[in-house]
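Structure record follows, encoded as structure tokens.
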Amino acid sequence: MFKKYKDYMINTEGVIIGTSGKTVAGTKNSKGYLQTTGKNNKKYLIHRLIAECWINCPGEFIEYEVNHKDGNKLNNNIDNLEWLTPEEHREADKKRRIDNIDDKSILIDHFL
Numbered sequence: 003m004f005k006k007y008k009d010y011m012i013n014t015e016g017v018i019i020g021t022s023g024k025t026v027a028g029t030k031n032s033k034g035y036l037q038t039t040g041k042n043n044k045k046y047l048i049h050r051l052i053a054e055c056w057i058n059c060p061g062e063f064i065e066y067e068v069n070h071k072d073g074n075k076l077n078n079n080i081d082n083l084e085w086l087t088p089e090e091h092r093e094a095d096k097k098r099r100i101d102n103i104d105d106k107s108i109l110i111d112h113f114l
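In my numbering, the protein residues as written are 3 to 114.
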């Protein structure tokens with residue numbers, strides 16, 4: 003099922019169809035997220051388009067960030083996306099990094 007959002011048709015698996023009727027693959031930006039270029043050369047993050055279209059935001063979009071629950075910036079399925087405040091997003095990233103520490107690693111919580 004697709005929904006129209008901005009200049010795109012977007013489904014729950016992260017497939018986006020542009021105004022030409024072709025699937026938008028997106029290109030990876032410098033931070034590793036997929037993005038597409040819309041009208042007037044405006045850049046859109048694909049995971050953000052999907053979240054804005056399909057996931058209820060608890061407040062104003064501008065106050066929230068989209069988190070990839072599994073840490074994979076290319077997995078834009080709506081089951082992997084959630085709205086978080088910037089602080090919650092930093093905590094989720096920190097927890098994900100801590101959870102990925104192996105037995106041979108030493109965790110330093112702070113420096114003197």
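Ideal Cβ placement from N, Cα and C applies to all residues, glycine included.
Going by DSSP in three states, residue i sits in which element: helix, strand or coil?
{"i": "Ile57", "result": "coil"}
{"i": "Leu51", "result": "helix"}
{"i": "Asn2", "result": "Only positions 3 to 114 of the chain appear in this structure, which leaves residue 2 out of reach."}
{"i": "Glu90", "result": "helix"}
{"i": "Glu67", "result": "strand"}
{"i": "Asn13", "result": "strand"}
{"i": "Lys30", "result": "strand"}
{"i": "Lys8", "result": "coil"}
Beta carbon of residue i, beta carbon of residue j: below 8 Å?
{"i": "Leu76", "j": "Leu36", "result": "yes"}
{"i": "Thr38", "j": "Ile19", "result": "no"}
Rounded to a whole number of angstroms, what is the C-alpha to C-alpha distance between residue i and residue j?
{"i": "Pro60", "j": "Glu84", "result": "10 Å"}
{"i": "Tyr7", "j": "Thr21", "result": "11 Å"}
{"i": "Ile12", "j": "Arg99", "result": "31 Å"}
{"i": "Tyr46", "j": "Trp56", "result": "16 Å"}
{"i": "Lys96", "j": "Asn74", "result": "14 Å"}
{"i": "Glu15", "j": "Ala27", "result": "13 Å"}
Open item on the list: Tell me whether the region 54 to 70 and the region 86 to 97 touch, counting them as touching only if at least three CB pairs, one residue from each stretch, are closer than 8 Å.
Closed with: yes
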